[in-house]
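Be aware that the sequence shown starts at 0, since it is given in numbering that gives the first Met the number 0, and climbs by one per residue.
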Amino acid sequence: MALCATDKMIENFPGYVGGLTRMSNKKTAAIVLAAGLGTRMRSELPKVMHPVAGHPMVNHLLDTLAKLSLEKIVVVVGPDMPELEAAVAPHQTAVQYERLGTGDAVKTGVEALGSFNGNVLVLYGDSPLISEQTLNGMLEARQTIEGRFAPTVVVLGFMPGEPGAYGRLVVDEEDGDLLAIVEANDATPEELDIPLCNSGVMCFDGEFLPSLLARLSNDNAKGEYYLTDCVGLAREDGFNCAVVEGDEEELIGVNSRIELALVETIAQDRLREKAMKGGATLIDPSTVYFSHDTRIGKEVQIEPNVFFGPGVTVGNNVHIKSFCHFEGAKIEANAIIGPFARLRPGTTLGDGARVGNFVEIKNAVVDAGGKVNHLTYIGDAHVGAGANIGAGTITCNYDGFMKSKTIIGAGAFIGSNTALVAPVNVGPGAIVGAGSTITRDVGENDIVTTRAEQKNARGAAERYRERKQSEKDQKTKD
Ligand code: UD1
Ligand code: CA
C-alpha cells in the first residue's frame with residue numbers, strides 16, 4: 000500500500016480548512032455509477048441489473064455498502080431504467096440524462112448530495128465483488144497520517160492478470176504517490192505496460208471534488224468526461240493522491256458476459272466455502288450452485304449437481320441427493336430430497352419429509368414425515384403429516400382458468416396414478432385406491448376408488464394369439 004503526501008500548495012488552496020486533522024471525523028457518502036448502457040453485454044437489461052448468484056450486480060454492491068456506516072448513498076442511473084430504480088430503492092437515485100462519461104456521472108451524483116462535503120466514495124455498479132474490509136481500507140487511507148496531509152484522492156488499484164482495457168495508474172517511483180490515471184485507449188505503449196490498474200473505486204475529499212469535476216474535459220479517445228482525470232487535476236492543484244492496492248478477485252469489472260461468468264464463478268466459490276464452513280458437506284463443490292441468500296444448516300449433505308435459486312432455506316441434517324433444482328423453498332430439518340427433485344416457490348417441507356425422483360412441488364406444504372417419492376406433481380396443496388403420496392399422483396390444480404387447492408389430511412394414503420381434481424379435500428387417514436380420479440371430497444378414514452370395474456376373460460389370451468398368428472400366416476402366403 001502506497002500512502003504518501005506532499006505539503007506543496009495545500010495551504011494556499013481556497014478550500015483548505017487547515018490542520019493535520021481535517022479528515023479525521025469526516026462522514027462518508029457513496030456514489031454508485033450505474034447509468035452506463037453496457038453495450039458490450041448486448042442486452043436490453045441495464046448492465047448492473049444482470050444477476051450474479053441470483054441477485055443484480057448493483058445490489059451486491061449496495062449490500063456491502065450497507066455494512067459501512069455511510070451518511071448517504073446515491074445511485075446514478077440512466078433516464079430509461081425504471082427496473083434499476085426499483086431494484087436500488089430505498090436509496091436515492093440521480094438521473095444522468097446523457098451518458099457523457101464517468102466524470103459527468105459523478106457530477107450528477109454530487110449534485111444529489113447537496114451540501115455534503117465529507118468523504119465521497121465512488122464505486123462502479125459493474126464491480127460487484129468488493130469487500131467491506133477493502134472499502135474500510137480506502138476510508139482509512141483518507142485519514143490524516145502522522146505528520147502528513149490526507150490524500151485528496153485515494154484510488155483502489157489492483158494488478159489484474161490481464162490489464163486489457165483498465166485504466167493504468169502512473170505512480171511516482173520514489174514516494175509511491177499517484178500521479179495520474181491513463182485510460183487504456185489514450186495510453187502510450189509504455190503506459191500500457193504498467194501492471195497497476197484502476198479498479199474504479201475512488202475516495203475523494205468532498206470539499207474539493209466539485210472543483211475537480213468542473214474542470215474535466217472530454218478531449219480524449221472516447222470523447223467522454225473521465226472521472227479518472229481528477230487525479231491529474233488534483234496534482235496540478237498541489238494535492239497529493241494515493242493508491243491502496245486490492246485483490247483482483249474482488250475488483251473485476253463486468254463489461255461483457257464473459258466477465259459476468261467469471262464474476263459468477265468467484266461468487267459461487269465464496270458461497271460454497273460459506274456453506275462448508277457452516278457445516279454442510281459438498282461432495283463436489285464446483286457442481287453445486289447457490290444464490291446470494293441461500294441459507295444452509297449444519298450436517299447437511301449435498302450431492303453433486305444441485306442448483307439453489309433465490310429464497311431457499313435448508314434446515315439441519317437434510318440430505319439432498321444429486322440433480323435437484325430449488326427456488327423459494329423452505330426445507331426443514333431431516334428431510335431427504337432427490338435425486339431429480341424440483342421444489343418451486345412456496346414449497347415448505349416439514350421435518351423428515353421425503354421427496355423422491357421426478358417430483359415437482361409448487362406452492363405447497365408437506366407436513367412432517369410426509370412422503371412424495373416418485374413421479375408426482377403437487378401444486379397449490381397441503382399434504383398432512385405422515386401422508387403417503389403414491390407414484391404418479393397429480394394434483395390437477397388448474398382448469399385452464401383458475402388455480403384451486405388440494406388438501407390431503409394427515410396419515411392419508413394416495414394410491415399410485417391418482418388424479419386429484421382441485422378443489423378437493425381428502426380427509427385424514429383416508430385411503431385412495433390406485434388409478435382413481437378424485438373429483439369430490441373424501442371423508443376421514445374413507446376408502447375410495449373410482450376406476451372402472453375389472454373384467455377377466457379366462458384363457459382368452461391364448462385364443463387371441465392363435466387367431467392373430469393364423470391371420471398373419473395367411474397374409475404372408477398371399
Ligand atoms: C472505468 C475506468 C477505468 C477503470 C475501469 C474499472 C473511467 C474513465 N475509466 O472504465 O479506469 O479501470 O472502469 O472497471 O472511469 N457510467 C455511468 N455514466 C457514464 C459512463 C459510465 O454511470 O456516462 C457507469 C457505468 O454504468 C459503469 C461505470 O460507470 O458502472 C464504469 O463505466 P464503464 O464504461 O464500464 O468504464 P470502463 O471503460 O470500464
Ligand atoms: Ca467497466
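Glycine included, C-beta positions come from ideal geometry on N, C-alpha and C.
Please read these numbers as outputs of a predicted model, since none were measured by experiment.
Closest by C-alpha distance to residue i, when choosing among the options
i: I251; options: A241, N356, R234, S198; result: S198
i: V420; options: R439, I413, A429, G434; result: R439
i: E263; options: Y224, H381, F289, E461; result: F289
i: G385; options: A367, N396, M401, I335; result: A367
i: F412; options: N184, R343, I430, D477; result: I430
i: A233; options: T475, P150, V305, V287; result: P150
i: G349; options: V365, E131, D379, F357; result: V365
i: G231; options: I193, D204, V152; result: V152
i: S42; options: A28, L259, T405, A433; result: L259
i: N416; options: K329, R450, N254; result: R450
i: K71; options: G117, Y96, R39; result: G117
i: E172; options: I193, Y397, G160; result: I193
i: I257; options: A28, V31, M40; result: M40
i: L64; options: E131, D174, A328, V447; result: E131
i: N424; options: G414, I437, A433, G432; result: I437
i: N304; options: V287, R462, E249; result: V287
i: A328; options: F322, T293, N316; result: T293
i: K221; options: T347, N455, G100, N396; result: G100
i: P89; options: Y96, D79, D62, Q95; result: D62
i: K25; options: I180, D79, E206, P81; result: E206
i: T27; options: D204, Y96, L342, D185; result: D204
i: P50; options: E235, L261, N444; result: L261
CB contact flag (residue i, residue j, <8 Å)
i: M48; j: A104; result: no
i: L178; j: C196; result: no
i: A52; j: L215; result: no
i: H318; j: I335; result: yes
i: V242; j: V170; result: yes
i: L83; j: P45; result: yes
i: A140; j: G166; result: no
i: R98; j: G37; result: no
i: I407; j: G378; result: no
i: F157; j: G102; result: no
i: L134; j: L67; result: yes
i: E326; j: P344; result: yes
i: E331; j: G308; result: no
i: V119; j: I30; result: yes
i: C202; j: M137; result: yes
i: A363; j: H381; result: yes
i: Q91; j: V75; result: no
i: G566; j: E247; result: Residue 566 falls outside the range modelled here, since the chain spans only 0 to 477, and no answer is possible.
Integer Cβ distance of residue i from residue j, believed to fall under 8 Å
i: N239; j: D176; result: 6 Å
i: K320; j: E298; result: At roughly 15 Å, the Cβ-Cβ gap does not stay under 8 Å, so K320 and E298 are not in contact.
i: A409; j: P422; result: Actually they do not touch by this definition, with Cβ atoms about 19 Å apart.
i: A340; j: V358; result: 5 Å
i: A93; j: G77; result: A93 to G77, Cβ: 11 Å. No contact.
i: H291; j: F306; result: Contact doesn't hold; Cβ gap of about 14 Å is too wide.
i: G434; j: V447; result: With a Cβ gap of about 12 Å, G434 and V447 do not count as contacting.
i: Q300; j: T280; result: 5 Å
Buried versus exposed, by CB contacts within 10 Å (16 or more), residue i
i: T20; result: Low per-residue confidence applies at T20: pLDDT is 35, beneath 50, and the placement is therefore not dependable, though the value from the model is reported in the following sentence. T20 comes out exposed.
i: S285; result: exposed
i: L478; result: Since the first residue of the chain shown is 0 and the last is 477, residue 478 is not available in this structure.
i: S469; result: exposed
i: G442; result: exposed
i: I360; result: buried
i: G355; result: buried
i: V200; result: buried
i: G458; result: exposed
i: T187; result: exposed
i: G399; result: exposed
i: M401; result: exposed
i: I388; result: buried
i: E189; result: exposed
i: P13; result: Residue confidence for P13 is low, a pLDDT of 36 falling below 50, so the modelled location carries little weight; the figure read from the coordinates is stated next. Counting Cβ neighbours within 10 Å, P13 comes out exposed, since fewer than 16 surround it.
i: E32; result: Just to set this straight, residue 32 is Leu in the shown sequence, not Glu. With 16 or more other Cβ atoms within 10 Å, it is buried.
i: D472; result: exposed
i: Y463; result: exposed
i: T475; result: exposed
i: N444; result: exposed
CB contact check: residue i to chain B, cutoff 8 Å
i: K273; result: The chain inventory of the structure shown lacks chain B, comprising one protein chain alone.
Practice task
Report yes or no: do the region 203 to 221 and the region 261 to 277 share at least 3 C-beta pairs separated by less than 8 Å?
Solution key: no
Practice task
Determine, using beta-carbon pairs with one atom in the region 388 to 396 and one in the region 366 to 378, whether at least three such pairs fall under 8 Å.
Solution key: yes
Problem - Cβ pair count under 8 Å reaching 3, the region 125 to 136 against the region 54 to 64 - result: yes
Handout entry: Inter-stretch contact at 8 Å, needing at least 3 Cβ pairs: the region 216 to 234 / the region 113 to 120
Key = no
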